[in-house]
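Using my numbering, read the sequence shown as starting at 4 and increasing by one per residue. All residues carry an ideal CB built from backbone N, CA and C; glycine is no exception. Since the model is a prediction, treat every value here as computed from it, not as a measurement.
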Amino acid sequence: LYAAEATNVDTTNVDTTNVETSNAAAISAAAKRLLNSTDTPCTILLLLAPSEFAATQQDMPGMTGTNLRSAITLQRESILPACDDTLALATANENPTGRVIALWTHADQLSDLFDAFAQYGLTLAAIAPRILALSANTKPENLLDDDGCHTTFVRSRQGVLEQWLQIKNDELEEKAYAEQWQAELAQFESEAMQRADKLSSYTLTGSRSIEPDYAFFPAGSLAISRKAQRGRQFKLAAAVLVGILLVAALPFITQTLELQMATARLDSNRAMSVEAREDQAVVVDFENRWGPINDFPDQDVATAMFRLQEVLAGEQLSSLELSEGLIRIQGTSSDPQAILQRLEQDPMFTEVVFSRATSNTRYYIDLRLATVNFEAYMVRYFPDET
Numbered sequence: 004l005y006a007a008e009a010t011n012v013d014t015t016n017v018d019t020t021n022v023e024t025s026n027a028a029a030i031s032a033a034a035k036r037l038l039n040s041t042d043t044p045c046t047i048l049l050l051l052a053p054s055e056f057a058a059t060q061q062d063m064p065g066m067t068g069t070n071l072r073s074a075i076t077l078q079r080e081s082i083l084p085a086c087d088d089t090l091a092l093a094t095a096n097e098n099p100t101g102r103v104i105a106l107w108t109h110a111d112q113l114s115d116l117f118d119a120f121a122q123y124g125l126t127l128a129a130i131a132p133r134i135l136a137l138s139a140n141t142k143p144e145n146l147l148d149d150d151g152c153h154t155t156f157v158r159s160r161q162g163v164l165e166q167w168l169q170i171k172n173d174e175l176e177e178k179a180y181a182e183q184w185q186a187e188l189a190q191f192e193s194e195a196m197q198r199a200d201k202l203s204s205y206t207l208t209g210s211r212s213i214e215p216d217y218a219f220f221p222a223g224s225l226a227i228s229r230k231a232q233r234g235r236q237f238k239l240a241a242a243v244l245v246g247i248l249l250v251a252a253l254p255f256i257t258q259t260l261e262l263q264m265a266t267a268r269l270d271s272n273r274a275m276s277v278e279a280r281e282d283q284a285v286v287v288d289f290e291n292r293w294g295p296i297n298d299f300p301d302q303d304v305a306t307a308m309f310r311l312q313e314v315l316a317g318e319q320l321s322s323l324e325l326s327e328g329l330i331r332i333q334g335t336s337s338d339p340q341a342i343l344q345r346l347e348q349d350p351m352f353t354e355v356v357f358s359r360a361t362s363n364t365r366y367y368i369d370l371r372l373a374t375v376n377f378e379a380y381m382v383r384y385f386p387d388e389t
């Protein structure tokens with residue numbers, strides 16, 4: 004938490020509904036009372052009820068770090084379409100199974116809490132779900148939090164979330180919801196489960212750690228961290244400058260000093276370009292990963308079906324298959340050759356042929372959509388399979 008001492012404040016005794024501005028003020032006031040006897044400067048890790056967070060699950064095999072977070076952020080509107088508010092994201096940098104649990108919370112809530120704590124001269128460094136404070140970050144663990152309003156089940160392995168289930172207690176009174184909830188938990192009934200359903204469950208007896216990947220850092224906290232880092236860098240730069248001036252005062256090493264300064268500038272320019280190159284690599288990697296999905300040929304099935312309906316008007320169709328731009332149709336007609344000619348004349352279709360010899364009035368015709376080129380798509384993205 005970027006401080007000499009970290010203090011944990013639990014909000015079990017505070018209203019567990021969404022933390023609005025009034026609740027933020029109440030929480031910060033409670034924290035101030037708890038810390039009145041502490042003179043040592045400290046930063047605060049605030050543990051909130053699990054109901055203050057939303058959890059989503061995505062399959063992201065092979066994606067890690069910045070790529071993983073960027074991919075989840077890009078899918079935010081489809082993952083949580085009903086939420087128009089600005090959200091903050093927290094997730095592990097990687098998951099060996101490829102199944103990623105992402106935690107979300109309101110960004111405004113983080114700012115409100117940080118500002119409320121700042122009014123009392125307190126630094127709110129991070130916010131996290133309190134249920135994660137029960138985890139020892141070692142073997143697989145099953146944790147259950149029940150605050151009387153919501154029940155949350157969490158399964159983690161070595162600090163990485165594998166499952167997050169949450170339900171309102173009122174819904175458990177309905178048989179269908181209750182049965183579904185019990186069915187989800189039944190698969191873990193043979194394993195130990197740590198329950199937290201009262202204040203004493205979260206009583207801190209020592210230092211309590213939270214996996215940093217699942218902590219939310221307010222913008223104000225990040226700004227303080229960056230400012231402190233810039234201060235350290237400035238002091239270091241000042242010390243280096245003094246050393247350079249002292250060395251420059253010695254004429255017999257002037258040439259050596261100039262060479263050292265030139266080398267330092269070169270290294271600085273290289274270092275300044277590292278981030279840009281990394282960002283470029285991220286963009287290229289993202290395009291390579293999602294290109295096969297974005298560039299998948301659009302077969303425009305609806306238009307093709309309407310066009311076939313126009314061409315085959317009055318004819319009997321018994322079978323139709325559409326795969327990778329290839330259409331196979333079977334049916335009966337008094338004049339199959341006329342159907343073939345009409346399809347050949349339509350610009351939407353190409354490579355129109357009888358796939359099998361006609362038998363009296365029965366016909367078998369293969370044709371392709373003129374606008375769909377699966378062969379080029381496969382050559383570009385899957386050359387080894389062509």
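What did DSSP end up calling residue i once you bin it into helix, strand or coil?
i, result
"T69", "helix"
"E378", "helix"
"Q312", "helix"
"Y123", "coil"
"K238", "helix"
"E144", "strand"
"A199", "strand"
"E388", "helix"
"A279", "helix"
"I213", "coil"
"P132", "strand"
"T361", "strand"
"E354", "strand"
"A7", "Note that A7 scores a pLDDT of 27, beneath 50, so its modelled location is shaky and nothing firm can be said."
"A218", "coil"
"P105", "Note that residue 105 is Ala in the sequence shown here, rather than Pro. A105 falls in the strand class under three-state DSSP."
"T208", "Its pLDDT being 42, under 50, T208 is placed unreliably in this model, and the value from its coordinates should be taken loosely. DSSP places T208 in coil when its eight states are reduced to three."
Among the candidates the options, whose CA atom is the shortest distance from the CA of residue i?
i, options, result
"G151", "I170, R268 and R158", "I170"
"W167", "T259, L146 and A316", "L146"
"A222", "W293, D298 and Q112", "Q112"
"N291", "F220, Y180 and F385", "F385"
"K142", "A189, A195 and W184", "A195"
"F219", "A186, Q190 and A131", "A131"
"S54", "N172, S228 and I75", "N172"
"I296", "M381, T257 and A226", "M381"
"Q302", "R345, S337 and G328", "G328"
"L164", "L137, A189, A186 and N363", "L137"
"K35", "A267, T126, T76 and N98", "T126"
"V304", "M275, V375, L71 and T266", "V375"
"W184", "I82, T155 and Q312", "T155"
Which same chain residues, not among the five before or five after residue i, have their C-beta less than 7 Å away from its C-beta?
i, result
"D13", "Since pLDDT at D13 reaches only 41, below the 50 mark, its modelled position is unreliable, and no value is offered."
"D349", "R310 and V314"
"R102", "Q60 and D62"
"A379", "none"
"R160", "P143"
"T208", "For T208, the pLDDT reaches just 42, beneath the cut-off of 50, and the residue's location in the model is therefore unreliable, although a value from the coordinates is still provided. Correct list: empty, nothing qualifies."
"E318", "G334, S336 and I342"
Hey, residue i and residue j are a contact pair by Cβ (cut 8 Å); roughly how many whole angstroms apart?
i, j, result
"T89", "L106", "Not confirmed; about 15 Å, so no contact."
"Q78", "Q60", "Contact doesn't hold; Cβ gap of about 12 Å is too wide."
"L370", "I342", "With a Cβ gap of about 11 Å, L370 and I342 do not count as contacting."
"Y180", "S31", "Incorrect: roughly 36 Å between the Cβ atoms, too far for contact."
"L325", "F352", "Contact flag wrong, Cβ pair sits at about 12 Å."
"I368", "F377", "About 19 Å; that fails the 8 Å criterion."
"A199", "D282", "The pair is not a contact, with the Cβ atoms about 42 Å apart (cut-off 8 Å)."
"A128", "S224", "5 Å"
"V285", "S73", "7 Å"
"A119", "A27", "4 Å"
Give me, in chain order, the residues of the same chain whose beta-carbon lies closer than 6 Å to that of residue i; leave out the 5 immediate sequence neighbours on both sides.
i, result
"V157", "I134, L146 and W167"
"P339", "T361 and Y366"
"T15", "Reliability of the predicted coordinates at T15 is poor, the pLDDT of 40 falling under 50, and the value obtained from them is presented with this limitation in mind. The answer, listed in chain order, is L202 and Y205."
"R273", "none"
"G68", "N96"
"H109", "D88"
"R383", "none"
CB-CB under 8 Å to residue i, same chain, minus the five flanking residues each way: which ones, in chain order?
i, result
"R235", "none"
"E354", "D369, L370 and R371"
"R359", "Y367"
"S322", "R331, I332, Q333 and G334"
Can residue i be considered in contact with the ligand GTP, in the sense that its beta carbon sits closer than 6 Å to one or more heavy atoms?
i, result
"S204", "As far as ligands go, the structure on display features none, and thus does not contain the ligand GTP."
List in chain order: all unbroken alpha helix (DSSP H) runs of 4+ residues lying wholly within the stretch 29 to 95. 68 to 77 and 79 to 82
4 or more residues per run - each alpha helix (DSSP H) lying fully within the stretch 298 to 349: 304 to 314 and 339 to 348
Which runs of the alpha helix (DSSP H) fall wholly inside the stretch 137 to 197 and span at least 4 residues, in chain order? 178 to 189
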